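Inspection log for the structure reproduced underneath, given as structure tokens.
In the UniProt record's numbering, the protein residues as written are 1 to 261.
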């Protein structure tokens with residue numbers, strides 16, 4: 001039979017009973033602190049892990065979202081267009097004054113006037129860069145216009161009788177070297193920004209041997225007009241007079257040059 005409270009109490013005097021309760025309170029307090037410390041440690045570890053995951057994902061996302069500098073990047077807007085391989089292009093028509101004028105409008109901003117800060121932001125040294133003779137600024141070009149220039153040169157080669165009627169064999173060989181350089185540049189740029197729209201193949205009922213290249217896919221494109229308007233507004237024309245880079249002048253080299261497209 002369990003002892004009564006009266007019997008139990010009689011075994012301890014008041015001081016001993018007080019010490020007992022104090023000790024019990026201390027033990028309970030230590031247990032509570034231990035539980036709190038465990039919970040706190042668990043929470044800290046969990047917070048560190050979650051924070052690490054968030055930081056890692058942010059870094060990985062930043063790698064993919066990184067946009068290299070371009071003076072025209074603020075103009076980039078996207079539009080959805082049909083991936084149409086049969087789209088007619090004036091640039092592939094038989095040579096004429098109208099076709100030449102269309103190419104001229106397209107290629108007009110093959111050069112642009114770049115500011116000093118833009119040259120630096122592009123990781124170039126202004127002192128190694130050609131400057132304009134008649135006004136402030138540095139000779140620059142957006143990559144897309146170099147590619148368009150290359151395509152026009154190729155178009156010209158298809159129609160030598162119009163564009164190079166008196167070209168010598170040596171000049172032709174030099175031009176072929178230029179065209180091959182252009183071809184390599186365009187290939188690398190297409191690999192950098194590939195068209196991933198799906199194209200399929202069909203057959204003509206009347207001529208089964210003719211395989212048709214077709215697509216009703218869509219693709220995300222940069223809106224061209226704002227880019228072209230901006231570049232055109234900064235174009236110095238086809239034949240600007242240039243000064244040699246400062247570092248070349250310091251070495252006693254040529255002081256001027258006139259570009260040709």
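We put the beta carbon where it would ideally sit given N, CA and C, even for glycine.
Quick caveat: nothing in here was measured; it's all calculated off a predicted structure.
- When DSSP states are grouped into helix, strand and coil, residue 91 belongs to the helix group.
- At least 8 Å separates the beta-carbon of residue 102 from that of residue 138.
- Residue ranges of uninterrupted alpha helix (DSSP H) with 4 or more members, entirely inside the region 66–118 and ordered along the chain, are 97–107.
- Contact annotation, residue 71 with residue 118: C-beta distance approximately 5 Å; criterion of less than 8 Å satisfied.
- Secondary structure note for residue 139: its beta strand (DSSP E) is the uninterrupted segment 138–140.
- The Cβ-Cβ distance between residue 185 and residue 150 falls below 8 Å.
- If you draw a 10 Å sphere on the C-beta of residue 91, you find fewer than 16 other C-beta atoms in it, and that means exposed.
- Residue 219 and residue 212 have their alpha carbons spaced roughly 20 Å apart.
- Inclusion of residue 242 and residue 153 in the CB contact set at 8 Å is not warranted, their separation being larger than that value.
- Taking residue 73 as the centre and dropping the five residues before and after it, the same chain places the C-beta of 67 closer than 7 Å to its C-beta, in chain order.
- Residue 211 is bridged by DSSP to 203.
- The continuous stretches of alpha helix (DSSP H) do not include residue 130, and DSSP gives it neither H nor E.
- In the DSSP assignment, residue 241 falls within the unbroken beta strand (DSSP E) covering 241–243.
- For residue 220, the enclosing beta strand (DSSP E) covers residues 218–222.
- Around the beta carbon of residue 140, a 10 Å sphere encloses 16 or more other beta carbons of the protein chains shown; the residue is thus reported as buried.
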